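Enquirer: Residue numbers (the working numbering): 196 to 472.
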Amino acid sequence: MSEPSSLHLFLMAILQGVTELFPISSLGHSVLVPAMLHWPLNRDAPWFLPFIVVLHLGTATALLAYFWRDWWQLLNGLWRARGGAGNAEARLFWMLVAGTIPAGLIGLALHHQISRLFGLFWVAGIFLMVNGLMLLLGDTLKRRTPNGGLDSLTWGKVLAIGLAQSLALIPGLSRSGATLVAGLGAGLDYAASARFSFLLATPIIAAAGVLEVPKLLHHGIPGGLVHVIVLAGLLAGIFAWLSTWFLMRWFSGHEVSALRPYAIYCLAFGALALWVG
(Lines of atoms letter the chains of each structure in order from A; the text may use other names.)
(Lines give C-alpha, C1' and ligand atoms only; values in the text may rest on other atoms or scores of the structure.)
Protein backbone atom coordinates (compact mmCIF):
# COMPACT_ATOMS: atom_id res chain seq x y z
CA MET A 196 0.00 0.00 0.00
CA SER A 197 1.69 3.23 -1.13
CA GLU A 198 -0.55 5.62 0.80
CA PRO A 199 -2.14 4.79 4.18
CA SER A 200 -5.58 5.88 5.32
CA SER A 201 -5.96 9.25 7.00
CA LEU A 202 -7.28 7.50 10.10
CA HIS A 203 -4.05 5.58 10.67
CA LEU A 204 -1.92 8.68 10.20
CA PHE A 205 -4.07 10.60 12.69
CA LEU A 206 -3.84 7.74 15.18
CA MET A 207 -0.06 7.70 14.77
CA ALA A 208 0.00 11.46 15.37
CA ILE A 209 -1.96 11.08 18.61
CA LEU A 210 0.29 8.22 19.66
CA GLN A 211 3.38 10.36 19.00
CA GLY A 212 1.97 13.39 20.80
CA VAL A 213 1.17 11.40 23.95
CA THR A 214 4.07 8.96 24.17
CA GLU A 215 6.80 11.51 23.37
CA LEU A 216 6.19 13.25 26.72
CA PHE A 217 4.80 10.48 28.90
CA PRO A 218 7.67 8.29 30.18
CA ILE A 219 6.60 5.29 28.10
CA SER A 220 8.74 5.59 24.91
CA SER A 221 7.32 7.05 21.73
CA LEU A 222 9.75 5.07 19.58
CA GLY A 223 8.82 1.81 21.29
CA HIS A 224 5.11 2.46 20.82
CA SER A 225 5.59 3.47 17.18
CA VAL A 226 7.10 0.01 16.62
CA LEU A 227 4.76 -2.09 18.79
CA VAL A 228 1.32 -0.57 18.32
CA PRO A 229 1.13 -0.52 14.48
CA ALA A 230 2.50 -4.07 14.32
CA MET A 231 0.10 -5.41 16.97
CA LEU A 232 -2.93 -3.72 15.37
CA HIS A 233 -1.78 -4.43 11.79
CA TRP A 234 -1.84 -0.81 10.69
CA PRO A 235 -0.83 -0.43 7.00
CA LEU A 236 2.21 1.78 7.61
CA ASN A 237 5.11 1.24 5.24
CA ARG A 238 8.23 2.79 6.79
CA ASP A 239 10.02 2.63 3.44
CA ALA A 240 7.31 4.58 1.58
CA PRO A 241 8.15 8.10 0.31
CA TRP A 242 5.55 9.67 2.60
CA PHE A 243 6.88 8.17 5.86
CA LEU A 244 9.94 10.39 6.42
CA PRO A 245 8.04 13.66 5.77
CA PHE A 246 5.31 12.38 8.08
CA ILE A 247 7.75 11.72 10.96
CA VAL A 248 9.47 15.09 10.41
CA VAL A 249 6.17 16.94 10.67
CA LEU A 250 5.19 15.03 13.84
CA HIS A 251 8.49 15.97 15.51
CA LEU A 252 8.10 19.60 14.53
CA GLY A 253 4.54 19.56 15.91
CA THR A 254 5.71 18.11 19.22
CA ALA A 255 8.60 20.58 19.54
CA THR A 256 6.25 23.49 18.77
CA ALA A 257 3.92 22.31 21.54
CA LEU A 258 6.77 22.24 24.06
CA LEU A 259 7.86 25.73 23.02
CA ALA A 260 4.28 26.95 23.35
CA TYR A 261 3.87 25.46 26.82
CA PHE A 262 7.23 26.66 28.18
CA TRP A 263 7.48 29.94 26.27
CA ARG A 264 7.70 31.95 29.49
CA ASP A 265 10.58 29.75 30.70
CA TRP A 266 12.45 30.16 27.42
CA TRP A 267 11.81 33.91 27.42
CA GLN A 268 13.26 34.18 30.94
CA LEU A 269 16.24 32.01 29.96
CA LEU A 270 17.03 34.11 26.89
CA ASN A 271 16.49 37.33 28.83
CA GLY A 272 18.88 36.06 31.50
CA LEU A 273 21.41 35.20 28.82
CA TRP A 274 21.14 38.73 27.42
CA ARG A 275 21.62 40.26 30.86
CA ALA A 276 24.67 38.08 31.45
CA ARG A 277 26.46 39.31 28.32
CA GLY A 278 28.35 41.88 30.38
CA GLY A 279 29.78 39.21 32.64
CA ALA A 280 27.19 39.38 35.42
CA GLY A 281 25.99 35.85 36.11
CA ASN A 282 22.38 34.98 36.89
CA ALA A 283 20.35 31.84 37.50
CA GLU A 284 18.56 31.99 34.14
CA ALA A 285 21.78 32.21 32.11
CA ARG A 286 23.27 29.37 34.15
CA LEU A 287 20.23 27.18 33.49
CA PHE A 288 20.34 28.03 29.78
CA TRP A 289 23.95 26.86 29.46
CA MET A 290 23.14 23.77 31.51
CA LEU A 291 20.43 22.89 28.99
CA VAL A 292 22.96 23.36 26.21
CA ALA A 293 25.43 21.10 28.02
CA GLY A 294 22.73 18.50 28.67
CA THR A 295 21.77 18.42 25.00
CA ILE A 296 25.30 17.74 23.71
CA PRO A 297 25.74 14.07 24.82
CA ALA A 298 22.59 12.76 23.13
CA GLY A 299 23.33 14.79 20.01
CA LEU A 300 26.88 13.46 19.68
CA ILE A 301 25.92 9.87 20.45
CA GLY A 302 22.99 10.04 18.04
CA LEU A 303 25.19 11.32 15.21
CA ALA A 304 27.97 8.83 15.93
CA LEU A 305 25.79 5.74 16.26
CA HIS A 306 22.89 6.67 13.97
CA HIS A 307 23.40 3.86 11.47
CA GLN A 308 23.99 1.18 14.11
CA ILE A 309 20.99 2.22 16.21
CA SER A 310 18.67 2.65 13.21
CA ARG A 311 18.90 -1.11 12.65
CA LEU A 312 16.98 -1.60 15.90
CA PHE A 313 14.10 0.72 14.99
CA GLY A 314 11.86 -1.86 13.34
CA LEU A 315 12.66 -4.83 15.60
CA PHE A 316 9.51 -5.79 17.48
CA TRP A 317 11.23 -7.89 20.15
CA VAL A 318 13.78 -5.17 20.92
CA ALA A 319 11.02 -2.63 21.55
CA GLY A 320 9.08 -5.08 23.74
CA ILE A 321 12.05 -6.06 25.89
CA PHE A 322 13.33 -2.53 26.37
CA LEU A 323 9.85 -1.24 27.17
CA MET A 324 9.92 -3.64 30.13
CA VAL A 325 13.43 -2.40 30.99
CA ASN A 326 11.96 1.10 30.87
CA GLY A 327 9.39 0.04 33.46
CA LEU A 328 12.13 -1.20 35.77
CA MET A 329 14.00 2.08 35.24
CA LEU A 330 10.93 4.05 36.33
CA LEU A 331 10.61 1.95 39.48
CA LEU A 332 14.26 2.77 40.16
CA GLY A 333 13.37 6.45 39.82
CA ASP A 334 10.79 6.25 42.60
CA THR A 335 13.38 4.51 44.78
CA LEU A 336 15.94 7.24 44.08
CA LYS A 337 13.34 9.88 44.95
CA ARG A 338 12.97 8.40 48.43
CA ARG A 339 16.71 8.04 49.02
CA THR A 340 18.09 11.34 47.73
CA PRO A 341 17.59 14.95 48.85
CA ASN A 342 14.81 16.79 47.06
CA GLY A 343 15.80 20.14 45.63
CA GLY A 344 15.11 22.55 42.80
CA LEU A 345 17.01 23.32 39.62
CA ASP A 346 19.40 25.60 41.51
CA SER A 347 20.87 22.48 43.14
CA LEU A 348 22.10 21.08 39.81
CA THR A 349 25.82 20.86 39.16
CA TRP A 350 27.50 20.59 35.76
CA GLY A 351 28.37 16.96 36.42
CA LYS A 352 24.77 16.11 37.22
CA VAL A 353 23.59 17.89 34.08
CA LEU A 354 25.96 15.87 31.90
CA ALA A 355 24.70 12.68 33.58
CA ILE A 356 21.11 13.66 32.74
CA GLY A 357 22.22 14.43 29.18
CA LEU A 358 23.81 11.00 28.87
CA ALA A 359 20.62 9.43 30.18
CA GLN A 360 18.68 11.21 27.42
CA SER A 361 20.67 9.27 24.82
CA LEU A 362 19.07 6.02 26.04
CA ALA A 363 15.97 7.05 24.08
CA LEU A 364 17.84 6.12 20.90
CA ILE A 365 16.92 2.52 21.79
CA PRO A 366 13.28 1.62 20.98
CA GLY A 367 11.40 1.03 24.23
CA LEU A 368 13.48 3.35 26.41
CA SER A 369 11.81 6.68 27.06
CA ARG A 370 13.61 10.01 26.73
CA SER A 371 11.45 11.68 29.35
CA GLY A 372 11.62 8.59 31.57
CA ALA A 373 15.41 8.41 31.43
CA THR A 374 15.89 12.12 32.13
CA LEU A 375 13.27 12.10 34.89
CA VAL A 376 15.01 9.21 36.63
CA ALA A 377 18.44 10.80 36.17
CA GLY A 378 17.06 14.06 37.55
CA LEU A 379 15.69 12.28 40.61
CA GLY A 380 19.06 10.58 41.06
CA ALA A 381 20.65 14.04 40.91
CA GLY A 382 18.55 15.12 43.88
CA LEU A 383 15.70 16.96 42.15
CA ASP A 384 12.10 16.60 43.22
CA TYR A 385 9.49 15.32 40.76
CA ALA A 386 8.35 18.77 39.58
CA ALA A 387 11.87 20.15 39.06
CA SER A 388 13.00 16.95 37.32
CA ALA A 389 9.98 17.08 35.00
CA ARG A 390 10.54 20.73 34.16
CA PHE A 391 14.22 20.16 33.35
CA SER A 392 13.34 17.02 31.36
CA PHE A 393 10.81 18.85 29.17
CA LEU A 394 13.04 21.89 28.67
CA LEU A 395 15.88 19.56 27.72
CA ALA A 396 13.62 17.66 25.31
CA THR A 397 12.66 20.77 23.34
CA PRO A 398 15.93 21.35 21.43
CA ILE A 399 16.60 17.64 20.83
CA ILE A 400 13.10 16.98 19.46
CA ALA A 401 13.24 20.14 17.35
CA ALA A 402 16.68 19.15 16.04
CA ALA A 403 15.38 15.68 15.13
CA GLY A 404 12.84 17.38 12.89
CA VAL A 405 14.96 20.24 11.55
CA LEU A 406 17.87 17.98 10.58
CA GLU A 407 15.52 16.01 8.36
CA VAL A 408 13.99 19.09 6.68
CA PRO A 409 16.51 18.98 3.76
CA LYS A 410 15.37 15.40 3.08
CA LEU A 411 11.77 16.56 3.38
CA LEU A 412 12.40 19.28 0.80
CA HIS A 413 14.18 16.78 -1.44
CA HIS A 414 11.54 14.07 -1.31
CA GLY A 415 8.56 16.34 -0.88
CA ILE A 416 5.20 15.27 0.43
CA PRO A 417 3.01 13.21 -1.93
CA GLY A 418 0.32 15.52 -3.26
CA GLY A 419 -2.56 13.45 -1.97
CA LEU A 420 -1.20 13.46 1.58
CA VAL A 421 -0.12 17.08 2.06
CA HIS A 422 -3.16 18.24 4.01
CA VAL A 423 -3.38 14.95 5.94
CA ILE A 424 0.26 15.12 7.10
CA VAL A 425 -0.05 18.79 8.05
CA LEU A 426 -3.17 18.03 10.10
CA ALA A 427 -1.37 15.08 11.68
CA GLY A 428 1.44 17.41 12.77
CA LEU A 429 -1.12 19.77 14.28
CA LEU A 430 -2.79 16.86 16.06
CA ALA A 431 0.55 15.64 17.45
CA GLY A 432 1.24 19.14 18.75
CA ILE A 433 -2.15 19.42 20.45
CA PHE A 434 -1.79 16.09 22.24
CA ALA A 435 1.82 16.87 23.17
CA TRP A 436 0.67 20.15 24.77
CA LEU A 437 -2.13 18.37 26.65
CA SER A 438 0.30 15.66 27.79
CA THR A 439 2.74 18.27 29.09
CA TRP A 440 -0.07 20.12 30.89
CA PHE A 441 -1.21 16.91 32.57
CA LEU A 442 2.26 15.67 33.51
CA MET A 443 3.44 18.96 35.02
CA ARG A 444 0.40 18.89 37.31
CA TRP A 445 0.85 15.19 38.01
CA PHE A 446 4.45 15.57 39.13
CA SER A 447 3.71 18.75 41.09
CA GLY A 448 1.01 16.93 43.04
CA HIS A 449 2.93 13.77 43.98
CA GLU A 450 5.59 13.38 46.63
CA VAL A 451 6.15 9.63 46.27
CA SER A 452 5.69 6.90 43.66
CA ALA A 453 4.72 9.27 40.84
CA LEU A 454 6.39 7.03 38.26
CA ARG A 455 4.91 3.73 39.48
CA PRO A 456 1.74 3.77 37.29
CA TYR A 457 3.83 4.29 34.16
CA ALA A 458 6.28 1.60 35.27
CA ILE A 459 3.48 -0.93 35.71
CA TYR A 460 2.06 0.02 32.31
CA CYS A 461 5.42 -0.45 30.57
CA LEU A 462 6.02 -3.81 32.22
CA ALA A 463 2.51 -5.03 31.36
CA PHE A 464 2.40 -3.71 27.79
CA GLY A 465 5.92 -4.91 27.01
CA ALA A 466 5.06 -8.40 28.28
CA LEU A 467 1.79 -8.41 26.31
CA ALA A 468 3.57 -7.34 23.12
CA LEU A 469 6.16 -10.12 23.45
CA TRP A 470 3.42 -12.67 24.21
CA VAL A 471 1.20 -11.80 21.23
CA GLY A 472 4.13 -11.07 18.92
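We put the CB at the ideal spot given by N, CA and C, even for glycine.
Just so it is clear, the structure is predicted and the values come from calculations on it, not from any experiment.
Where in the region 319-402 do unbroken runs of the alpha helix (DSSP H), each at least 4 residues long, occur, reported from the N-terminal end onward?
Expert: Within the region 319-402, the complete alpha helix (DSSP H) runs of at least 4 residues are 350-360 and 370-380.
Enquirer: Could you give the DSSP three-state label for Pro-297: helix, strand or coil?
Expert: To locate residue 297, count along the sequence shown from 1; it is residue 102. DSSP places Pro-297 in helix when its eight states are reduced to three.
Enquirer: I'd like the span of the alpha helix (DSSP H) that includes Val-451, first residue to last.
Expert: Here residue 451 refers to the residue found at position 256 when the sequence shown is read from its first residue. Val-451 -> no alpha helix (DSSP H), and no H or E assigned at all.
Enquirer: List in chain order: all unbroken alpha helix (DSSP H) runs of 4+ residues lying wholly within the region 201-243.
Expert: With a minimum length of 4 residues, the continuous alpha helix (DSSP H) runs that stay inside the region 201-243 are 201-214 and 221-232.
Enquirer: Have a look at Thr-335 and Val-425 and give me their C-alpha separation to the nearest angstrom.
Expert: Position 140 of the sequence shown holds residue 335. Position 230 of the sequence shown holds residue 425. Going by the C-alpha atoms only, they are around 42 Å apart.
Enquirer: Using only the alpha-carbon positions, how far apart do Thr-349 and Ile-356 sit?
Expert: Along the sequence shown, read from residue 1 onward, the residue named residue 349 stands at position 154. Along the sequence shown, read from residue 1 onward, the residue named residue 356 stands at position 161. Their backbone Cα atoms lie some 11 Å apart in a straight line.
Enquirer: Tell me which residues share the same chain as Ile-365 and place their Cβ nearer than 6 Å to its Cβ, disregarding the 5 neighbours each side in the sequence.
Expert: Taking the sequence shown and counting its residues from 1, one reaches residue 365 at position 170. Within the same chain, Ile-365 has close Cβ partners Phe-322.
Enquirer: Could you tell me whether the Cβ atoms of Ser-371 and Ala-396 are closer together than 8 Å?
Expert: In the sequence shown, counting from the first residue as 1, residue 371 sits at position 176. In the sequence shown, counting from the first residue as 1, residue 396 sits at position 201. Against a cut-off of 8 Å, the Cβ pair of Ala-396 and Ser-371 comes out as a contact.
Enquirer: Please list, in chain order, all residues of the same chain as Pro-456 whose beta carbon is under 8 Å from its beta carbon, the five residues on each side excluded.
Expert: Within the sequence shown, residue 456 is the residue found at index 261, counting from 1. There are no such residues.
Enquirer: Buried or exposed for Ala-208, going by 16 or more other Cβ atoms inside 10 Å?
Expert: Within the sequence shown, residue 208 is the residue found at index 13, counting from 1. Looking at its Cβ environment, which holds 16 or more other Cβ atoms inside 10 Å, Ala-208 is buried.
Enquirer: Taking the alpha-carbon positions, what's the Leu-383 to Gly-472 distance?
Expert: What you label residue 383 is simply residue 188 of the sequence shown in a count that begins at 1. What you label residue 472 is simply residue 277 of the sequence shown in a count that begins at 1. Straight-line Cα distance between these residues: approximately 38 Å.
Enquirer: Exposed or buried, what is Asn-326 when buried is set at 16 or more other beta-carbons lying within 10 Å of its beta-carbon?
Expert: Position 131 of the sequence shown holds residue 326. Buried, since its Cβ has 16 or more Cβ neighbours within 10 Å.
Enquirer: Can you have a look at Gly-281 and say buried or exposed, based on whether 16 or more other CB atoms are within 10 angstroms of its CB?
Expert: In the sequence shown, counting from the first residue as 1, residue 281 sits at position 86. Result: exposed.
Enquirer: Could you give the C-beta distance for Ser-220 and Gly-367, rounded to a whole number, given that I count them as a contact under 8 Å?
Expert: As a first step, residue 220 is located in the sequence shown; it is residue number 25 there, counting from the start. As a first step, residue 367 is located in the sequence shown; it is residue number 172 there, counting from the start. With a Cβ gap of about 5 Å, Ser-220 and Gly-367 count as contacting.
Enquirer: Going by Cα to Cα distance, which pick from Leu-206, Trp-274 and Phe-464 is closest to Leu-236?
Expert: Numbered from 1 along the sequence shown, position 41 holds the residue referred to as residue 236. The residue with the shortest Cα to Cα distance from Leu-236 is Leu-206.
Enquirer: What would DSSP say about Phe-288, mapped onto helix, strand or coil?
Expert: Position 93 of the sequence shown, counted from the first residue, corresponds to residue 288. Looking at Phe-288 - three-state DSSP - the assignment turns out to be helix.
Enquirer: Report, in whole angstroms, the separation of the C-beta atoms of Phe-391 and Leu-216, which I expect to be a contact under 8 Å.
Expert: Looking up residue 391 in the sequence shown gives position 196. Looking up residue 216 in the sequence shown gives position 21. That belief does not hold up - the Cβ atoms of Phe-391 and Leu-216 are roughly 14 Å apart, past 8 Å.
Enquirer: Which value, in whole angstroms, describes the spacing of the CA atoms of Arg-339 and Ser-201?
Expert: For this step, residue 339 is matched to residue 144 along the sequence shown. For this step, residue 201 is matched to residue 6 along the sequence shown. The alpha-carbon atoms of Arg-339 and Ser-201 are separated by roughly 48 Å.
Enquirer: State yes or no: is the C-beta of Leu-287 within less than 8 Å of the C-beta of Leu-258?
Expert: Taking the sequence shown and counting its residues from 1, one reaches residue 287 at position 92. Taking the sequence shown and counting its residues from 1, one reaches residue 258 at position 63. Taking 8 Å as the Cβ cut-off, Leu-287 and Leu-258 do not qualify as a contacting pair.
Enquirer: I'd like the list of long-range same chain contacts for Val-353, defined as Cβ closer than 6 Å, with 5 residues on each side in sequence excluded.
Expert: Reading the sequence shown from its first residue, position 158 is the one you call residue 353. Only Met-290, Ala-293 and Gly-294 meet the Cβ criterion.
Enquirer: Quick test of the definition: if touching needs 3 or more C-beta pairs under 8 Å, does the region 260-268 touch the region 436-451?
Expert: With the cut-off at 8 Å, the region 260-268 and the region 436-451 touch.
Enquirer: State the Cα-Cα distance for the pair Gly-253 and Val-423, rounded to the nearest angstrom.
Expert: Numbered from its first residue, the sequence shown carries residue 253 at position 58. Numbered from its first residue, the sequence shown carries residue 423 at position 228. When rounded, the distance between both Cα atoms is 14 Å.
Enquirer: Pick from Trp-266, Tyr-460 and Pro-297: whose alpha carbon is nearest that of Ser-361?
Expert: Reading the sequence shown from its first residue, position 166 is the one you call residue 361. Looking at the Cα atoms, Pro-297 is the closest of the given residues.
Enquirer: Report, in whole angstroms, the separation of the C-beta atoms of Ala-427 and Leu-250, which I expect to be a contact under 8 Å.
Expert: Looking up residue 427 in the sequence shown gives position 232. Looking up residue 250 in the sequence shown gives position 55. Confirmed, about 7 Å.
Enquirer: Between which two residues does the alpha helix (DSSP H) harbouring Pro-456 extend?
Expert: On the sequence shown, residue 456 is found 261 positions in, with the first residue counted as 1. Segment 455-471, the alpha helix (DSSP H) holding Pro-456.
Enquirer: So, for Val-469: in the same chain, excluding its five sequence neighbours on each side, which residues have a beta-carbon less than 6 Å away from its beta-carbon?
Expert: Counting from 1 along the sequence shown, the entry for residue 469 is found at position 274. In the sequence on display, residue 469 carries Leu and not Val. So the qualifying residues of the chain are Gly-320.
Enquirer: Spatial neighbours of Pro-199 within its chain, please: C-beta separation below 7 Å, excluding the five flanking residues on both sides.
Expert: On the sequence shown, residue 199 is found 4 positions in, with the first residue counted as 1. Excluding sequence neighbours, Pro-199 sits near Pro-235 and Leu-236.
Enquirer: According to DSSP, simplified to helix, strand and coil, what is Leu-315?
Expert: As a working mapping, residue 315 is identified with position 120 in the sequence shown. Note: Leu-315 maps to coil in three-state DSSP.
Enquirer: What does the alpha-carbon distance come out to for the pair Met-329 and Ala-458?
Expert: Here residue 329 corresponds to residue number 134 of the sequence shown, with the count starting at 1. Here residue 458 corresponds to residue number 263 of the sequence shown, with the count starting at 1. Distance between the alpha carbons of Met-329 and Ala-458 is about 8 Å.
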